[in-house]
Amino acid sequence: MITFWIVAAAMLIVAVLCAVVPLMQREPAVDARESRALNVSLYRRELAGADQDRLAGVLSDDQHAALRSEIEQRVLADTRPLAAQSLVPPPGPRTATRAATSALLIALFPAVACALYLKLGQPAALDLDETVSASSGESHDMNASSVEMMVSRLAFRLRSRVPDPHDAADWATLARSYAVLERPSDAAAAYARAVALEPGDAQLRADFADTLASANEGRLDGRASEEIAAALALEASNPKALALAASAAFEARRFAQAIGYWRRLIDTLDAASPIAIQARKNIDEALALSAITVTLQFADGVQAMPGATVILSARAQGAASTLLAERHLSANDLPATIMLDDSFAINPADTLSAYPKISVQARVVAATGEGGLSAQTNVAGSENRRATLVITASSG
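Numbering-wise (UniProt numbering), the sequence shown opens with residue 1 and increments by one.
Take a look at the structure:
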């Protein structure tokens with residue numbers, strides 16, 4: 001900031017000097033000697049012409065003497081005022097006028113420059129670099145109190161202004177500054193002002209949602225959820241909004257939605273980027289939490305025919321009883337522990353993780369197509385779901 005003001009002051013001084021120095025210089029007086037030499041040269045020509053006319057007989061001696069006397073008198077009349085005028089200094093009133101004009105310019109230049117800067121410039125931007133430096137951890141010699149003072153000045157400037165959409169970026173800067181100072185409530189209030197001035201900025205609304213979560217012990221419900229939805233409505237591929245939406249869905253145990261948001265997030269990123277790698281890990285975790293672990297075994301005394309296949313299926317509980325996932329394995333592999341998750345979904349848009357209540361069924365089908373052995377159970381919940389199926393002969 002100090003550098004800015006030094007440069008501005010130097011430029012202002014140069015501008016004032018450019019205007020005042022020429023004004024204070026005296027107007028160049030007429031060079032008496034040059035004027036006198038020019039006049040003498042002209043009169044010499046006239047005298048030479050008179051002499052030639054006398055020699056040619058055009059003028060008599062008396063006429064020549066009279067003409068020469070007249071020319072000499074004109075020479076004296078023209079050169080004396082010029083010589084006297086060159087010695088007289090410029091009139092006093094004009095010098096006083098120039099001095100007054102120069103003083104007025106010296107007073108007006110800084111005042112007008114400051115007024116134009118406050119009107120057309122961005123004084124709040126003077127604090128931006130130092131605020132960002134504090135947030136990015138750049139080396140500097142500012143202590144915490146100086147940062148607090150700087151942020152307070154920025155807040156005072158913004159609050160003292162009439163609301164203007166052009167101030168949205170400055171309010172966002174103030175919000176980020178509060179976040180650096182670990183003042184999430186103040187940061188959320190500043191983001192609220194920025195969003196009110198610029199509601200169509202998806203990134204701004206995503207940042208606002210993130211700050212609201214920080215101020216609300218990490219929870220993404222309520223107003224934070226509304227801001228996430230608004231950001232995605234404005235920009236469906238906004239990475240930060242997608243990441244927050246996935247986290248909100250995961251927090252609410254809506255694993256299918258969380259997985260969908262993370263997959264959309266990965267589509268917007270370089271596959272090798274750290275965020276994309278973390279998103280894939282989150283998907284794996286969501287799949288594991290939403291999966292159903294099924295333990296399969298035959299009841300005592302029950303045997304399957306050679307070559308029989310066990311069909312393990314999961315359906316949504318309810319009237320529709322929609323088939324959600326299915327796996328096949330050999331009856332010879334039993335007993336076994338099998339996992340059903342969204343990767344086995346019949347319809348990718350209708351997955352296990354979307355249903356808190358699932359009905360799990362196992363049927364044994366012989367190579368000839370005959371059945372007769374089955375088991376069924378229900379599981380509830382949205383994570384770490386387990387089921388044990390003991391296959392017995394069907395009654396009847």
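All residues carry an ideal CB built from backbone N, CA and C; glycine is no exception.
Judged by DSSP secondary structure, Ile292 falls within the beta strand (DSSP E) whose first and last residues are Ile292 to Phe298. Distance from the CA atom of Met305 to the CA atom of Leu389, rounded to whole angstroms, is 19 angstroms. Listed as beta-bridge partners of Ala380 by DSSP are Lys357. If the five residues before and after Ser225 are omitted, its C-beta is found closer than 7 angstroms to the C-beta atoms of Ala248, all from its own chain and listed in chain order. In chain order, Leu212 place their CB closer than 6 angstroms to the CB of Arg223, counting only its own chain and leaving out the 5 sequence neighbours on each side. Assignment of alpha helix (DSSP H) within the segment 186–252, counting only whole runs of 4 or more residues, yields 202–215, 223–234 and 239–251 in chain order. Ranking Pro165, Pro335 and Leu323 by CA distance to the CA of Asp300 puts Pro335 first.
By the criterion of a C-beta distance shorter than 6 angstroms, His328 is surrounded in its chain by Thr309 and Ile311, once the five residues flanking it on both sides are discounted.
Sequence-distant partners of Leu323 (beyond 5 residues in either direction) whose C-beta falls short of 7 angstroms from its own C-beta, in its chain, are Ser313, Arg315 and Ile346.
By the neighbour-count definition (other C-beta atoms within 10 Å, threshold 16), Gly260 is a buried residue. With contacts defined by Cβ atoms closer than 7 angstroms, Val294 and Val360 form a contacting pair.
The beta carbons of Leu47 and Ile71 sit about 6 angstroms from each other, so the pair counts as a contact at 8 angstroms. With a cutoff of 7 angstroms on beta-carbon distance, Leu352 and Ala320 are scored as not near each other.
Contact annotation: Ala362 and Ile338 have beta-carbon atoms that are not nearer than 7 angstroms. If you draw a straight line from the Cα of Arg386 to the Cα of Ala366, it comes to about 27 angstroms. Rounded to the nearest whole angstrom, the CA to CA distance from Ser214 to Pro184 is 6 angstroms.
Within the same chain, Leu158, Arg161 and Leu197 come within 7 angstroms of Asp167 by CB-CB distance, once the 5 residues on both sides are set aside. Per DSSP, Thr337 is one residue of the beta strand (DSSP E) stretching across Ala336 to Leu340. Annotated three-state conformation of Asp333 is helix, per DSSP.
Taking all protein chains in view, the Cβ of Ala375 is crowded by 16 or more other Cβ atoms within 10 Å, so the residue is classified as buried.
DSSP places Leu389 inside the beta strand (DSSP E), whose first and last residues are Arg385 to Ala393. Of the residues assessed, Gln73 falls on the exposed side of the cut-off, its CB having fewer than 16 other CB atoms within 10 angstroms. Distance from the Cα of Met150 is smallest, within the candidate group Leu181, Ala169, Pro163 and Pro165, for Leu181. If you draw a straight line from the Cα of Asp210 to the Cα of Ser146, it is about 26 angstroms long.
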